[in-house]
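Every letter in the sequence shown is one number past the one before it in this note's numbering, and letter 68, counting from 1, is 73. Just below is one structure, and these are the notes that go with it.
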Amino acid sequence: QPIQMENPYKEPPKKCILCGVNVDYKNVQLLSQFVSPCTGRIYGRHITGLCNKKQKEITKAIKRAHVFGFMPVMFKNPSFLTDPKICNVKY
């Protein structure tokens, strides 16, 4: 009879890092963590690891920051390039 045990190779469930954090379009340093430094594109959920609600909030806040001129559109602000990475980006 096989012994019942948990799968030792199962990865722990991912937790959204922004749940409980207020996302504001004026917080450019936080928003720039979710933007590609080369192309300026917003990272998807599979890279950021955010829940659906927070990913939509981040996307809206980044677009709002672009419109109001708080963030550059095509690239990341060079002063934020040395910030530690929040997202799971391999490059």
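Where a beta carbon is used, it is the ideal one built from N, C-alpha and C, also for glycine. Fair warning: this is a prediction, and the values are worked out from it, not measured in the lab.
Asked                                                                                                                                             : Found
Look up I67 in the DSSP assignment and say whether it is helix, strand or coil.                                                                   : helix
For V40 and P13, what's the separation of their Cα atoms in angstroms?                                                                            : 34 Å
Kindly give me the distance between the Cβ atoms of G45 and V72, rounded to whole angstroms, as I take these residues to be in contact under 8 Å. : 14 Å between Cβ atoms; not a contact.
Could you check if T53 is buried or exposed, using at least 16 other CB atoms within 10 Å of its CB as the buried criterion?                      : buried
Grouping DSSP H, G and I as helix and E and B as strand, with all else coil, what is I8?                                                          : coil
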